[in-house]
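Under the numbering used here, the first residue of the sequence shown carries the number 30, and numbering increases by one thereafter. All C-beta atoms, glycine included, are put in the ideal place defined by N, C-alpha and C. In what follows, a single structure is set out as structure tokens and then discussed.
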Amino acid sequence: MSSRTALLAGATGLVGSHCLSLLLAQPIYARVIVLTRRSLGRNDAKLQEVVVDFERLSDHARELGADDVYCCLGTTRKVAGSDEAFRRVDHDYVVDLARLARENGATRLALVSSVGADRRSSNFYLRVKGETEHDVQALGYEVLEVFRPSFLVGARSERRAAEAVASAVSRVLSGGLVGPLRKYRPIEASTVAAAMVGALVQSEPGHHEHAFDAILSLAPRAAASV
Ligand SMILES: NC(=O)c1ccc[n+]([C@@H]2O[C@H](COP(=O)([O-])OP(=O)(O)OC[C@H]3O[C@@H](n4cnc5c(N)ncnc54)[C@H](OP(=O)(O)O)[C@@H]3O)[C@@H](O)[C@H]2O)c1
Numbered sequence: 030m031s032s033r034t035a036l037l038a039g040a041t042g043l044v045g046s047h048c049l050s051l052l053l054a055q056p057i058y059a060r061v062i063v064l065t066r067r068s069l070g071r072n073d074a075k076l077q078e079v080v081v082d083f084e085r086l087s088d089h090a091r092e093l094g095a096d097d098v099y100c101c102l103g104t105t106r107k108v109a110g111s112d113e114a115f116r117r118v119d120h121d122y123v124v125d126l127a128r129l130a131r132e133n134g135a136t137r138l139a140l141v142s143s144v145g146a147d148r149r150s151s152n153f154y155l156r157v158k159g160e161t162e163h164d165v166q167a168l169g170y171e172v173l174e175v176f177r178p179s180f181l182v183g184a185r186s187e188r189r190a191a192e193a194v195a196s197a198v199s200r201v202l203s204g205g206l207v208g209p210l211r212k213y214r215p216i217e218a219s220t221v222a223a224a225m226v227g228a229l230v231q232s233e234p235g236h237h238e239h240a241f242d243a244i245l246s247l248a249p250r251a252a253a254s255v
């Protein structure tokens, strides 16, 4: 039965585009609001597209009324152009979105972070991801599901040479990543998206973090609830 509203940011991205298709197919959602800086060019009776400048997200605060929030936002330092610009997207935009949605009544949030996220890390990327997780946790969501994938596998329109090489190498080595190293195995972006949807449509109260194995086990829930 349709009763809930989902709010999705990052719908034009690798994980986010899979997430959008899954959300539109979920009977539990009557409406799917997408926050995007460029139109998706997609029509669906459930879909409500809100084109925003994330620098001015608070201007759209009243359009962020939803039950469940899915955040698949992110950039790379190369695309962003500087550490500061990277942090603006991967930390500030994510925390702003989570805060504004929470203030509008959202109680459940699924966030894509990264394996190794740690606000005390000496690695800048992992530190920013850890700070984002920490600051989102402080917002008081009843359900917070944080996903920590390693390399994402999937068809990207944009070429990311370094990521493609690292992903190819880790795919070759994947079988050797056993025990505590399993969390570094590459994973399909579609599987991460399914786990996010699966975790919120059949949610359990509390804050949870999911690496490789947990993502694999949550993913089938999304299909099971259609
Ligand atoms: N790639 C990996 O191997 C990997 C591994 C671990 C974790 N992660 C994390 O997983 C998450 C999802 O990754 P992904 O590969 O699916 O991301 P992606 O394909 O690069 O998509 C990112 C999304 O964020 C949006 N975005 C980026 N910069 C923006 C800006 N300045 N203003 C507004 N929107 C902006 C993009 O919108 P536009 O289309 O308009 O640019 C897109 O919708 C990210 O947080 C990433 O850090 C990725």
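Open item on the list: Let me check one thing: in DSSP terms, what residues is Thr34 bridge-paired to?
Closed with: Start at 1 with the first residue of the sequence shown, and residue 34 comes out as number 5. Answer is Arg60.
Task: From Gln166, Asp147, Gly169, residue whose alpha carbon lies closest to that of Gly159 - done: Counting from one through the sequence shown, the residue named residue 159 turns up at place 130. Gly159 has its Cα closest to that of Asp147, out of Gln166, Asp147, Gly169.
Open item on the list: Using 9 Å as the threshold, is the C-beta distance between Val79 and His89 below it?
Closed with: Here residue 79 refers to the residue found at position 50 of the sequence shown. Here residue 89 refers to the residue found at position 60 of the sequence shown. In this structure, His89 lies closer than 9 Å to Val79 by Cβ.
Open item on the list: Less than 7 Å between C-beta atoms, sequence neighbours within five positions excluded: which residues of the same chain meet that for Ala240?
Closed with: By one-based count along the sequence shown, residue 240 stands at place 211. Result list for Ala240: Val144, Arg177, Lys212, in chain order.
Open item on the list: For a quick check, are the C-beta atoms of Leu51 and Val172 less than 9 Å apart?
Closed with: For the purposes of this step, residue 51 is identified with residue 22 of the sequence shown, where counting begins at 1. For the purposes of this step, residue 172 is identified with residue 143 of the sequence shown, where counting begins at 1. Cβ atoms of Leu51 and Val172: not closer than 9 Å.
Task: the stretch 209-223 in contact with the stretch 162-169 per 3-pair CB rule at 8 Å - done: Contact between the stretch 209-223 and the stretch 162-169 is absent: fewer than 3 CB-CB pairs across the two stretches fall below 8 Å.
TODO: Using 8 Å as the cut-off, classify the Cβ of Phe83 as near or not near the heavy atoms of ligand 1, replying yes or no.
DONE: If you number the sequence shown from 1, residue 83 lands on position 54. Indeed, a heavy atom of ligand 1 lies less than 8 Å from the Cβ.
Open item on the list: Please state whether the Cβ-Cβ distance between Ala95 and Val255 is less than 9 Å.
Closed with: For the purposes of this step, residue 95 is taken as residue 66 along the sequence shown, with counting starting at 1. For the purposes of this step, residue 255 is taken as residue 226 along the sequence shown, with counting starting at 1. No; because the gap between Cβ atoms is not below 9 Å, this pair is not in contact.
Open item on the list: Quick check: is the beta carbon of Phe241 nearer than 9 Å to any beta carbon in chain D?
Closed with: Considering every chain present, this structure includes no chain D. It has just one protein chain.
Task: Straight-line gap, Leu138 to Gly204 (C-alpha atoms, nearest Å) - done: Numbered from 1 along the sequence shown, position 109 holds the residue referred to as residue 138. Numbered from 1 along the sequence shown, position 175 holds the residue referred to as residue 204. Between Leu138 and Gly204, the alpha-carbon positions lie close to 32 Å from each other.
- [ ] May I ask which residues mark the beginning and end of the beta strand (DSSP E) holding Gly235?
- [x] Taking the first residue of the sequence shown as 1, we reach residue 235 at position 206. 235-239 is the extent of the beta strand (DSSP E) around Gly235.
Task: Check: Val207 C-beta below 8 Å from any heavy atom of ligand 1 - done: Reading the sequence shown from its first residue, position 178 is the one you call residue 207. For Val207, the distance from the CB to the nearest heavy atom of ligand 1 is not below 8 Å.
- [ ] May I ask you to list the residues that DSSP assigns as paired with Cys100?
- [x] Walking along the sequence shown from the start, residue 100 turns up at place 71. In DSSP, Cys100 forms a bridge with Ala38, Leu140.
TODO: With a threshold of 16 other CB atoms inside 10 Å of the CB of Glu162, please say whether the residue is buried or exposed.
DONE: As a working mapping, residue 162 is identified with position 133 in the sequence shown. Buried: at least 16 other Cβ atoms inside 10 Å.
TODO: Please say whether Ala248 and Ala218 have beta carbons closer to each other than 9 Å?
DONE: Reading the sequence shown from its first residue, position 189 is the one you call residue 218. Reading the sequence shown from its first residue, position 219 is the one you call residue 248. Not in contact: Ala218 and Ala248 (Cβ atoms no closer than 9 Å).
Task: Straight-line Cα distance separating Ala130 from Arg91 - done: Taking the sequence shown and counting its residues from 1, one reaches residue 91 at position 62. Taking the sequence shown and counting its residues from 1, one reaches residue 130 at position 101. Arg91 and Ala130 have their alpha carbons spaced roughly 9 Å apart.
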